[in-house]
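Numbering (the working numbering), first residue to last: 854 to 1313.
Think of the CB as a built atom: it goes at the ideal place given N, C-alpha and C, for glycine as much as any other residue.
It should be emphasised that the depicted structure is a prediction, and the values quoted were computed from it without experimental measurement.
This report refers to the structure that appears directly beneath it.
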């Protein structure tokens, strides 16, 4: 039968990676670094938006752009989480040499991407103003914030197509072509930002339009790569249809991962609401620092994607001892890289913050947040990498539940108890490292218990 034939790991001019054999560390780095660069470039869309309006428009315009981040992530992350299911399922089928199921998963996933993107577009247009009002967005930036959000959501179908397409490419170890997509779209975004804000004085509308156009380019490029692919992940528009079996497997992994991200963002919406109470300067300062947090976090998620992809393929192929080795090497590498990045950002914070603003009060808030959060960022890999490893062996609901209680519930309790008594900005920021300690400790414990039960029992 077709699906019993081995899948060539190095076909299509070497774009695919053999994750089942050979030394691991070099392959993990080769997978993770382009993915981290891709995510950082994607974040540069928002970073450039914030920097351009801060330097060439006003602090209020900067706050209007920055205050949308948590709400955008809340609405986007559930569906982007489903793309993680696509990655896991295809990688697992590769390990099992099931080519027919790989093709069905590819075409099902891309149709889901289009449908979910259109849904988010319509939803975003309708709820932009009431959602920002519920978050107590300062009145003096409300109109600009609503305008930015509505324009941003016009690009949602293209964002979803890119993310699902990139997940398909990553499932075979190809993280370079998604990087090329975002490199091209990032350069376009930067150029359009400068043109529309400086030359045409469009401020918030200009940076939003630039982001949408850039997303169109990245989606178009990833579709080009997939439709011209010569391997089992080739996309044909005529074959795009929902396959119930493959969709159920994608959703089984993807929905818990998406819910975890969505609930995580839900908690951050309430923190953003509390943050809004400190005024536009605090909002703008946090928006600046958030860029550097994202840069660090995307390195973590790149290694976590490596963990889930490598472990999924090897788990599907029955290489259980190799799964344990993958987890150890990725966890240590991630902690090391994040520690170096955190030291760089914290000690160079005056320089980095100065790239975004010249307003002293905004810079003060940015500095406080950077010290409080980035000094403890090495804790994040403890729950992100162990959670990814759990998904790789088919346990997606467990890390979602742990994250919901360790981050969402704990942060909400903090906001509505401690922050009501101690209203200082620094007290609000402390909930982040505290939640990372709790979540990381529980996730590591659960991972090792599950690993012992699932992997070790199969090795016997």
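* **Three-way DSSP call (helix, strand, coil) for residue 1301 in this model** => Of the three classes helix, strand and coil, the one that applies to residue 1301 here is helix, per DSSP.
* **Under the three-state DSSP convention, the category residue 876 falls into** => Coil.
* Asked: Buried or exposed: which applies to residue 1211, given that a residue is buried once 16 or more other Cβ atoms fall within 10 Å of its Cβ?
  -> Result: exposed.
* Three-way DSSP call (helix, strand, coil) for residue 1223 in this model -> Of the three classes helix, strand and coil, the one that applies to residue 1223 here is helix, per DSSP.
* Inspect the beta-carbon positions of residue 1003 and residue 1139 and report whether they are closer than 9 Å. => Contact check for residue 1003 against residue 1139 fails: the beta carbons are separated by 9 Å or more.
* Alpha carbon of residue 872 to alpha carbon of residue 886, nearest angstrom -> Distance between the alpha carbons of residue 872 and residue 886 is about 16 Å.
* Closer than 6 Å by C-beta to residue 889: which residues in its own chain qualify, once you throw out the five before and the five after it? Chain order, please. => Only 1151, 1152, 1155 meet the Cβ criterion.
* To do: Starting from the C-beta of residue 1192, find all residues in its chain whose C-beta is less than 6 Å away, skip the five residues before and the five after it, and write them out in chain order.
  => Correct list, in chain order: 1231.
* Asked: Is it buried or exposed for residue 864, if we count other Cβ within 10 angstroms and need 16 for buried?
  -> Residue placement at residue 864 is flagged as unreliable, the pLDDT there being 40, under the threshold of 50; a coordinate-derived value is accordingly withheld.
* Give, in chain order, every unbroken run of the alpha helix (DSSP H) that is at least 4 residues long and sits entirely within the region 908 to 991. => Unbroken alpha helix (DSSP H) runs of no fewer than 4 residues, entirely contained in the region 908 to 991, are found at 912 to 919, 922 to 949, 952 to 987, following chain order.
* Asked: Is it true that the CB of residue 1031 sits closer than 9 Å to the CB of residue 1015?
  -> Contact flag set, yes.
* Asked: Three-state secondary structure (DSSP) at residue 871?
  -> DSSP places residue 871 in coil when its eight states are reduced to three.
* When we look at the beta-carbon of residue 1091 and count the other beta-carbons within 10 Å, is it buried (16 or more) or exposed? -> Exposed, because fewer than 16 other Cβ atoms sit within 10 Å of the Cβ of residue 1091.
* Are the region 951 to 964 and the region 992 to 1002 touching by the rule of at least three beta carbon pairs closer than 8 Å? -> Contact annotation: the region 951 to 964 does not touch the region 992 to 1002, with fewer than three C-beta pairs closer than 8 Å.
* **C-alpha distance - residue 1142 paired with residue 1183, whole-angstrom precision** => Straight across, the Cα-Cα distance linking residue 1142 with residue 1183 is about 26 Å.
* Endpoints, alpha helix (DSSP H) assigned at residue 1082 -> Residue 1082 -> no alpha helix (DSSP H), and no H or E assigned at all.
* For residue 855, does the three-state DSSP call read helix, strand or coil? -> The predicted model places residue 855 with a pLDDT of 42, which falls under 50 and marks its position as unreliable; any figure quoted below should be read in that light. Residue 855: helix per DSSP, three-state reduction.
* Looking at the unbroken alpha helix (DSSP H) that takes in residue 847, where does it start and where does it end? -> With the chain represented from 854 up to 1313, any question about residue 847 goes unanswered, as that position is not in the structure.
* **Per-residue DSSP class, three states only, for residue 1215** => DSSP places residue 1215 in helix when its eight states are reduced to three.
* Using three-state DSSP, classify residue 1201 as helix, strand or coil. => Coil at residue 1201, not helix or strand.
* Asked: What three-state label does DSSP hand residue 1095 in the structure shown?
  -> DSSP places residue 1095 in coil when its eight states are reduced to three.
* **Close-in-space but distant-in-sequence residues of the same chain around residue 1096 (CB under 7 Å, 5 per side omitted)** => Around residue 1096: 957, 961.
* Run the CB neighbour count on residue 952, radius 10 Å, all protein chains shown included, and call it buried at 16 or more, exposed below. => If you draw a 10 Å sphere on the C-beta of residue 952, you find 16 or more other C-beta atoms in it, and that means buried.
* **Pairwise C-alpha distance: residue 1302 and residue 1039** => The alpha-carbon separation between residue 1039 and residue 1302 amounts to approximately 42 Å.
* To do: Following the continuous alpha helix (DSSP H) through residue 1172, name the residue where it begins and the one where it ends.
  => For residue 1172, there is no enclosing alpha helix (DSSP H), as DSSP marks it with neither H nor E.
* Segment contact flag, the region 961 to 980 with the region 1126 to 1136, C-beta cutoff 8 Å, min 3 pairs -> Because the criterion of three Cβ pairs below 8 Å is not met, the region 961 to 980 and the region 1126 to 1136 do not touch.
* Asked: Where does residue 1055 sit, in a helix, a strand or coil, going by DSSP?
  -> Looking at residue 1055 - three-state DSSP - the assignment turns out to be coil, as it is neither helix nor strand.
* State the start and end residues of the unbroken alpha helix (DSSP H) segment that holds residue 1256. => 1250 to 1256 is the span of the alpha helix (DSSP H), which, as asked, contains residue 1256.
* To do: With a threshold of 16 other CB atoms inside 10 Å of the CB of residue 1012, please say whether the residue is buried or exposed.
  => Around the CB of residue 1012, 16 or more other CB atoms lie within 10 Å, so the residue is classed as buried.
* How should residue 1259 be labelled, buried or exposed, when 16 other C-beta atoms within 10 angstroms of its C-beta is the threshold for buried? -> Buried.
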